Amino acid sequence: MNASQLAALLTAAREVAHEPEQDRLRWLVDALHAELGTRYLRITTAAIPPDEDQPPASGSACQAASDESAARTISLASLRFADKPAVLGDMRAVVIESLDEQTTLLRVREPSALAWVELQPAPTDPEALAVGLRLILAELEPDPLSPLQQRRAFFDRMVHTEPTGTHADYERICEIWQSVTGADWCWLWMLNRLDPHRSYELTAHARAGDGPRDIPAQRVAPGRCSVGHYACRTAAPVWIENVADWERDLEQASYSVVVRDFLLERAAPSLLCVPLFEGDQHAAPDGDDALTNVISLHYSDPARRVRHDDPILLVMGRLTAMCIARSQERKQHDILVQLNRFAQQYLIETKAPAESRPKYLDELIDLIQSRFGVSYVSVFYRGGFEDAVECIGTTGLRDVATGKPLPHSGLGLAKYAAGERNTGRCFATARPIVTDGVEDVEDLKFSERPAAVEGEFDPSIYIPILDPLRPEGRALGVIRCFDHRSPVFPSARARFDRPEVETLRFIAAQVGPALKSFEQRILRERTISTIKHDLSSPLAMMRDVVDMLIEEAEAGQPPNTTGLTDLRATIRLASNLVDQLDPDPGVVREFHPRATLLEGDIVARLKDMLQSIARDTRRMDIRFDGFRQVPALMVDATLIERAIYNLLLNAIKYGQRNTTIDVRAAALEDGSGYIVDVSNFGIGIEAADEPFVFTSGYRSLAAQRTALGAGLGLPIAEKAMRRHGGSLRLHRRKNPTIFRLFFPADLRA
Numbered sequence: 002m003n004a005s006q007l008a009a010l011l012t013a014a015r016e017v018a019h020e021p022e023q024d025r026l027r028w029l030v031d032a033l034h035a036e037l038g039t040r041y042l043r044i045t046t047a048a049i050p051p052d053e054d055q056p057p058a059s060g061s062a063c064q065a066a067s068d069e070s071a072a073r074t075i076s077l078a079s080l081r082f083a084d085k086p087a088v089l090g091d092m093r094a095v096v097i098e099s100l101d102e103q104t105t106l107l108r109v110r111e112p113s114a115l116a117w118v119e120l121q122p123a124p125t126d127p128e129a130l131a132v133g134l135r136l137i138l139a140e141l142e143p144d145p146l147s148p149l150q151q152r153r154a155f156f157d158r159m160v161h162t163e164p165t166g167t168h169a170d171y172e173r174i175c176e177i178w179q180s181v182t183g184a185d186w187c188w189l190w191m192l193n194r195l196d197p198h199r200s201y202e203l204t205a206h207a208r209a210g211d212g213p214r215d216i217p218a219q220r221v222a223p224g225r226c227s228v229g230h231y232a233c234r235t236a237a238p239v240w241i242e243n244v245a246d247w248e249r250d251l252e253q254a255s256y257s258v259v260v261r262d263f264l265l266e267r268a269a270p271s272l273l274c275v276p277l278f279e280g281d282q283h284a285a286p287d288g289d290d291a292l293t294n295v296i297s298l299h300y301s302d303p304a305r306r307v308r309h310d311d312p313i314l315l316v317m318g319r320l321t322a323m324c325i326a327r328s329q330e331r332k333q334h335d336i337l338v339q340l341n342r343f344a345q346q347y348l349i350e351t352k353a354p355a356e357s358r359p360k361y362l363d364e365l366i367d368l369i370q371s372r373f374g375v376s377y378v379s380v381f382y383r384g385g386f387e388d389a390v391e392c393i394g395t396t397g398l399r400d401v402a403t404g405k406p407l408p409h410s411g412l413g414l415a416k417y418a419a420g421e422r423n424t425g426r427c428f429a430t431a432r433p434i435v436t437d438g439v440e441d442v443e444d445l446k447f448s449e450r451p452a453a454v455e456g457e458f459d460p461s462i463y464i465p466i467l468d469p470l471r472p473e474g475r476a477l478g479v480i481r482c483f484d485h486r487s488p489v490f491p492s493a494r495a496r497f498d499r500p501e502v503e504t505l506r507f508i509a510a511q512v513g514p515a516l517k518s519f520e521q522r523i524l525r526e527r528t529i530s531t532i533k534h535d536l537s538s539p540l541a542m543m544r545d546v547v548d549m550l551i552e553e554a555e556a557g558q559p560p561n562t563t564g565l566t567d568l569r570a571t572i573r574l575a576s577n578l579v580d581q582l583d584p585d586p587g588v589v590r591e592f593h594p595r596a597t598l599l600e601g602d603i604v605a606r607l608k609d610m611l612q613s614i615a616r617d618t619r620r621m622d623i624r625f626d627g628f629r630q631v632p633a634l635m636v637d638a639t640l641i642e643r644a645i646y647n648l649l650l651n652a653i654k655y656g657q658r659n660t661t662i663d664v665r666a667a668a669l670e671d672g673s674g675y676i677v678d679v680s681n682f683g684i685g686i687e688a689a690d691e692p693f694v695f696t697s698g699y700r701s702l703a704a705q706r707t708a709l710g711a712g713l714g715l716p717i718a719e720k721a722m723r724r725h726g727g728s729l730r731l732h733r734r735k736n737p738t739i740f741r742l743f744f745p746a747d748l749r750a
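Offset between the sequence shown (1-based) and the working numbering: plus 1.
In C-alpha cells:
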C-alpha cells in the first residue's frame with residue numbers, strides 16, 4: 002500500500018466512521034479488496050482476550066473473494082502467534098505471520114480491541130500494510146457525539162429504518178438506545194398483560210462493543226414491585242446511581258431493583274429506566290393501566306452516561322413504543338401476505354380440496370412455528386354437524402390414555418365437545434385461553450407433546466377460529482400451541498404475551514374463511530361424487546328398458562306398459578338426483594300452486610315409479626292409504642311430489658328387507674289441516690342425530706354405513722313443505738320411523 006492509496010483510504014474512512022460496525026468493516030473489506038487486488042480477504046475484530054497470544058473464538062467478521070475457488074476459511078482459534086511481538090515505530094503490538102506461501106495473517110492491536118486480517122496472495126510489504134491498517138482502523142473509530150447529535154441520530158434511525166416484523170426489530174431498538182445513552186447494556190422489558198402478576202419479560206438486549214452477553218438468568222421480573230413499574234406509575238424516567246441503595250414507597254407499595262444482585266456482581270451499579278408510553282400520555286396514570294414496556298440502561302461507570310433531560314427521554318420512549326407497534330403491524334402484514342399466498346396456491350388454484358387442505362394446514366403450522374417460536378401446533382375444526390371440534394392438522398398427536406400416537410388418517414378421532422376442557426371451552430366461548438401449561442397436564446385428552454416432557458412447565462395458548470359470517474358466539478375451530486420459547490433464552494419457555502395473542506387472533510381471523518371454503522368445497526365434492534355414483538343405477542336401468550323396448554318394437558310387438566312405467570320411474574329418479582347438484586338444491590326458484598288431488602295427481606304416479614324399485618332392490622312393498630280424506634289442495638304438484646318421493650326413497654334405502662312402507666293420509670280432527678305419514682322399519686334415527694336430520698349434507702354414522710347418499714333429500718322435502726306454509730317433522734325416531742308432512746287447512750282449493 003503506497004502513500005497515495007493510504008491517504009485516499011483515510012479520507013474515505015472518516016466519512017463512514019459513524020456507520021454501524023458491520024458496515025464499517027464491510028467498507029474496509031471492499032476498499033482493501035479493490036486497492037490490493039486480493040482473491041481472498043477477511044477481517045475479524047474482537048475485544049482483547051485474557052490470553053493475548055490466542056485469538057478469540059468468535060468476533061465480528063467480513064470477507065470478500067474475487068475468486069471463489071481460491072477463497073477458504075481460516076480457523077483463527079487453531080493458530081498460535083509469535084512469542085515476541087514485532088514493534089514498528091510507535092505502532093505497538095503489530096504481529097505479522099505467514100500461514101503458508103500464499104496467505105498472510107496480520108494482527109493489529111487497538112486500545113481496546115484486536116483486529117486480524119487474513120489475505121491472499123501475500124502482500125509485497127506486509128509491514129507497511131500493517132501500519133496503514135492501524136491508521137485506518139483508528140480513523141474508523143467514531144468521535145463521541147454531543148447529546149444533541151446523539152438524539153438526532155436516535156430519531157433519524159428510529160424513524161427511517163423500516164421494520165422487519167421480526168425479533169431483530171427489538172434488538173435494533175436496544176442497540177440504538179445503548180449507543181445514544183453510552184450504556185454498557187440495554188435491556189427491553191415487555192409487559193405481559195395476560196399474566197395475572199403483570200410481569201415483565203426480557204425480550205431483547207444490546208451491549209457495548211463485543212463484550213460478554215450479560216443478561217440475567219431471571220427472564221421475568223414481577224411487575225408490581227420492580228423499578229420498571231415504579232417508572233410507569235410515576236410516568237418519569239428513573240436514574241439510580243447505585244442499585245444497592247435504591248428503594249421507594251409509592252401508594253403503600255414498595256419498589257426495588259429486582260436484578261440488583263446480578264448487577265452488583267458485575268460491577269454495574271448504575272441504572273436508567275425509561276417507560277415506553279404509547280400515544281401522547283403526559284400525566285401519570287393510575288392503577289395497573291400505568292404498566293407499559295420499559296427500557297433499562299446499565300452502567301459500570303456512571304460518568305460515561307450521556308445525559309438527556311427527562312422530557313426528552315419520554316419523547317424517545319414514545320417513539321420507541323411507536324416503532325414496536327410498527328414492527329407488530331409489519332409482522333401482521335407479512336403474515337397476511339403469506340396466508341394469501343397459501344390460499345391462492347391451495348384453495349384457488351387446485352381442484353381437489355380434500356387433498357389441498359392438509360397441505361394448506363402444513364404451511365399454516367410451519368408459519369406459526371417459525372413466527373412464534375413454538376414446538377407443537379394443532380388445528381381443530383368443527384366435526385361435521387356435531388357440537389364438537391376434531392383435529393384436521395397437527396405437528397403430531399398421541400392419545401394420553403393409551404400413550405399411542407394417532408396416525409394421520411385417524412386425526413379426526415381427536416375430538417373435544419363444546420365446553421370440554423380448554424380446547425372445548427375455547428370452541429364454546431370463542432375466546433382465547435392462555436395458560437402457563439401446568440394445568441394442561443390433566444386437561445389434555447390428546448397431547449402434541451412427547452410423554453417424556455409431560456408435566457413440565459409448558460406455556461400454551463388456545464385461539465378460536467371465528468365464523469366470518471357469525472363472529473359472535475360459537476367458533477368454527479381452535480388453534481392451540483404448546484412449548485413457547487423465549488427469543489432471548491432459547492432454552493427457556495415463556496408465556497405468550499398480548500402482542501403474540503393479538504397476532505395469533507389475526508391469523509385465525511384470516512384462516513376462518515379459508516377453512517370454511519375448504520369445508521364447503523369438500524362437501525360439494527363429496528355430494529357430486531355420491532350423486533355421480535347414484536346416477537349410475539338409473540342410467541343402467543334406463544338403458545336396459547330402452548334396449549328391451551327397441552327389441553320389442555323391432556319384433557313388431559306392442560309396447561310393454563311395465564317397461565314404460567319403469568322407464569318413467571328411473572327418469573324421475575335421475576332428474577331428482579340432477580336437481581341435487583344445484584348450488585342450493587333446497588331453494589324453490591319457481592312456485593306454481595294449482596288445485597291438486599294428492600291421490601290422483603301424485604300418489605298414483607309415485608306408485609308407478611317406486612313400487613318396482615322397492616321390489617327389485619330391497620324386496621319391499623309400499624302401501625298407500627287414506628288419501629281420499631284429503632280434498633284438492635292449492636299446492637305445487639311438482640314440489641309436493643318431490644318431497645314425498647324423497648321420503649319414500651330414503652325409506653327404501655335405509656329400510657329392512659321384506660318389510661312394508663306405509664304412506665297414510667288423514668284429516669286432523671281439529672280441522673287445522675291434513676297429514677301424510679311415511680313410516681318404515683329400518684336403521685331408525687338415534688337421539689343424538691335427531692337435531693340434524695333436516696340439515697343439508699348431514700348423514701348419521703348408521704346412514705353412512707348403510708348406503709351412499711348426499712344428505713340432501715330431507716332438507717329438500719322440508720323446504721318444499723315450508724314453502725307451502727306447512728311443515729315436515731320427525732314424528733317417531735324408530736320402530737317404526739315416521740316422518741309427518743302437514744298441510745294447513747287454508748290450502749284447500
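The beta-carbon is built from N, C-alpha and C at its ideal position, and this holds for glycine as well. Computed from a predicted model, the values in this text were never measured in an experiment.
Proximity winner among the options, relative to residue i (alpha-carbon distances)
i: C187; options: R158, G397, A269; result: A269
i: R606; options: L565, T696, A18, L715; result: L565
i: A667; options: L742, A721, L729, R358; result: L742
i: N423; options: G397, L298, S461, K352; result: S461
i: R734; options: E687, S701, Q705, L713; result: E687
i: R331; options: L149, R135, P560, T165; result: T165
i: G714; options: E252, T562, L648, F592; result: L648
i: L611; options: V338, N651, A326; result: N651
i: V132; options: L11, R306, R527, K608; result: L11
i: F483; options: S379, A9, E520; result: S379
i: L412; options: F428, H168, E128, I393; result: I393
As assigned by DSSP and simplified to three states, the class of residue i
i: L445; result: coil
i: E252; result: coil
i: P303; result: helix
i: R422; result: helix
i: M191; result: strand
i: L11; result: helix
i: N681; result: strand
i: G656; result: strand
i: I325; result: helix
i: S613; result: helix
i: P451; result: coil
i: D126; result: coil
i: H34; result: helix
i: F156; result: helix
i: H593; result: coil
i: N3; result: coil
Start-to-end residues for the alpha helix (DSSP H) that takes in residue i
i: C175; result: 169-182
i: F262; result: Looking at the sequence provided, one finds Asp at residue 262 rather than Phe. Where D262 is concerned, the enclosing alpha helix (DSSP H) stretches over 261-266.
i: E670; result: That residue, E670, is in no alpha helix (DSSP H); it is neither H nor E in DSSP.
i: S371; result: 354-373
i: Y699; result: No alpha helix (DSSP H) holds Y699; DSSP gives it neither H nor E.
Cα-Cα separation between residue i and residue j, rounded to whole angstroms
i: F373; j: L107; result: 43 Å
i: T396; j: A304; result: 53 Å
i: I177; j: E36; result: 33 Å
i: I369; j: K360; result: 14 Å
i: S59; j: L26; result: Reliability of the predicted coordinates at S59 is poor, the pLDDT of 43 falling under 50, and the value obtained from them is presented with this limitation in mind. Their backbone Cα atoms lie some 15 Å apart in a straight line.
i: L251; j: S200; result: 18 Å
i: L748; j: I739; result: 23 Å
i: P745; j: E670; result: 13 Å
Start and end residues, beta strand (DSSP E) containing residue i
i: I623; result: 622-626
i: H725; result: Looking at the DSSP string, H725 is not in any beta strand (DSSP E), and its letter there is neither H nor E.
i: H485; result: 478-485
Touching by the beta-carbon criterion (3+ pairs, under 8 Å), the stretch 291-308 and the stretch 161-173:
no
Three or more beta-carbon pairs under 8 Å between the stretch 410-422 and the stretch 494-513, yes or no?
no
Can you find at least 3 beta carbon pairs, one from the stretch 657-666 and one from the stretch 624-643, that sit closer than 8 Å?
yes
Quick check: the stretch 486-495 against the stretch 317-327, are there 3 or more CB pairs under 8 Å?
no
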